[in-house]
Amino acid sequence: MPQIVTTAQMRAIEQTAIASGAVTGFALMERAGAGAVEAICETWPDLATAPGKAVVICGPGNNGGDGYVVARLLKARGWRVDVFRFGTSSAWRPDAERARELWCAEGKAHSLRTLARVLRHARAPRYTLLVDAGFGIGLSTPLPDPLRDMFWAQQRGILAERVVALDVPSGLDADTGAVAPPPGLPMGPWHWRQGTACKADLTVTFHAAKPGHLTGQGPTLCGKLVVKSIGL
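For the sequence shown, the numbering used here begins at 183 and goes up steadily by one.
1. Report buried or exposed for D228, applying the criterion of at least 16 other Cβ atoms within 10 angstroms of its Cβ.
2. How many Å lie between A342 and F268 at the Cα?
3. Judging by CA-CA distance, which residue of V346, P307, K381 and L325 is the nearest neighbour of D248?
4. In angstroms, rounded to a whole number, what distance separates the CA positions of L284 and I239?
5. Counting only runs of 4+ residues fully inside the stretch 191–251, write out the alpha helix (DSSP H) ranges in chain order.
6. In angstroms with no decimal places, state the Cα-to-Cα distance between R262 and G207.
7. Can you tell me where the beta strand (DSSP E) holding H292 begins and where it ends?
8. Based on DSSP bridge pairs, tell me the residues matched to F268.
9. Would you mind giving the Cβ-Cβ distance between L312 and F266, rounded to the nearest angstrom? I have them listed as a contact below 8 Å.
10. According to DSSP, which residues form a beta bridge with L348?
11. Alpha carbon to alpha carbon, how far is A362 from T188? Give it in angstroms, no decimals.
12. Which partner residues of A342 appear in the DSSP bridge assignment?
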């Protein structure tokens with residue numbers, strides 16, 4: 183049985199390490215991004231030797247920051263990388279904003295609504311790999327419409343050949359394994375096929391597994407679960 187920590191415990195572990203001066207939040211973000219790329223290459227050795235085209239979805243929080251690090255590292259390995267962001271600038275956290283700026287020195291961060299419009303006319307997978315860095319353990323609201331549209335596209339097979347989620351697939355509650363309903367609708371037995379969550383082939387989480395990986399819809403949505411150390 184893997185070590186399991188709740189989201190509150192995970193945040194406390196990170197905050198204690200940062201407060202002690204042992205590590206910075208940005209250093210943890212860099213380690214998480216590097217661990218995710220390592221897990222991708224270990225899980226799919228063909229992607230380690232034959233870089234393809236990746237789409238990285240970044241939210242405004244630290245999970246999005248991890249996504250910008252992954253985008254930068256994949257590009258350095260020879261990948262063609264498209265990054266799409268969502269969320270307002272006022273919601274960006276300092277470490278995530280720093281990661282975004284480093285990515286933007288090398289490439290663009292497009293609005294997620296742009297991708298949703300393009301996918302309406304797609305007929306075949308456009309990318310080798312989708313990196314879901316939308317919410318991670320920070321999910322507190324239902325998914326925004328452009329993100330749900332994108333997951334619908336993935337379910338129809340027109341977005342990416344493989345999907346990796348960072349920390350937790352977007353839409354999945356990391357503590358309960360439940361899937362949040364669309365905006366304005368009551369909680370209930372919502373299923374990822376309704377476009378309410380990401381279904382990953384690989385989920386890379388950090389330091390320890392979370393309860394939602396192993397309960398509810400977690401096992402179905404996470405695919406293969408890999409835990410990577412970030413030095414905590």
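For glycine and all other residues, C-beta sits at the position ideal for the given N, C-alpha and C.
Computed from a predicted structure; not experimentally measured.
Reading off the structure:
1. exposed
2. Cα to Cα, the separation comes out at about 19 Å.
3. Among V346, P307, K381 and L325, the Cα nearest to that of D248 is on V346.
4. 16 Å
5. Restricting attention to alpha helix (DSSP H) runs no shorter than 4 residues, the stretch 191–251 encloses them at 207–225 and 227–231, ordered along the chain.
6. Here the C-alpha atom of R262 lies approximately 27 Å from the C-alpha atom of G207.
7. First-last of the beta strand (DSSP E) with H292: A291 to S293.
8. The partner list for F268 (beta bridge, DSSP) is empty, contrary to what the question assumes.
9. Contact doesn't hold; Cβ gap of about 10 Å is too wide.
10. V386
11. 18 Å
12. Under the DSSP definition of a beta bridge, A342 partners with Y309.
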